[in-house]
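Participant: Take a look at this one; I'll ask things after.
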Amino acid sequence: MSDRCGTMAGYADHRKNSTPTCRACKDARNDYQRRYRMYGPQKHGIHGTYGGYKRHLRNRTQPCTECLEAHNEYQQRRRALTARNVLVPTELLVELYLSSPPEVQVKTEDMLGAKRLEVLVQRVDEAAA
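Shown next, in the form of structure tokens:
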């Protein structure tokens, strides 16, 4: 059973993988179809939302004031989230990674990706050579 079971994405996974559809995914599909019949397709890009702002850009129209405000709020929230991250020089990151205990290295590989760390280590080794 997938962690997406009980959602339309889980239902799509069952279809894609040709596996029997579980009850939770069938229920999610039925709920979706019921809402679609009652209310029609979901409307994306309503004015005053980030989706509305993106729709203006796709249609090459000047974004309205409400959509610009929604876009600015979205950007402020996004910047606030990314402000928690810290930029670390590659050489320092590699040195900290290589000198850390194995359990910390595994955690770092899980967070950043083993392949990415391998590339960074190779890059620092090449620069030092």
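The sequence shown begins at 122 in this note's numbering and counts up one residue at a time.
The C-beta atom is built at its ideal place from N, Cα and C for all residues, glycine as well.
#1: Check whether the region 207-220 touches the region 238-249, taking contact to mean three or more Cβ pairs, one atom from each stretch, closer than 8 Å.
#2: Does DSSP put S220 in a helix, in a strand, or in coil?
#3: Does DSSP put A191 in a helix, a strand or coil?
#4: Helix, strand or coil, according to DSSP, for N135 in the structure here?
#5: Taking the alpha-carbon of Y174 as reference, which of Q226, Y195 and K137 has the nearest alpha-carbon?
#6: Whole angstroms is fine: what's the gap from V62's alpha carbon to C143's?
#7: How big is the Cα-Cα spacing for C185 and H192?
Facilitator: Working from what's here:
#1: Note that the region 207-220 touches the region 238-249; at least 3 beta-carbon pairs, one per stretch, sit closer than 8 Å.
#2: helix
#3: helix
#4: Residue identity check: residue 135 is His in the sequence provided, not Asn. It is helical.
#5: Among Q226, Y195 and K137, the Cα nearest to that of Y174 is on Y195.
#6: Shown here, the chain extends from 122 to 250; a query on residue 62 therefore has no answer.
#7: 11 Å
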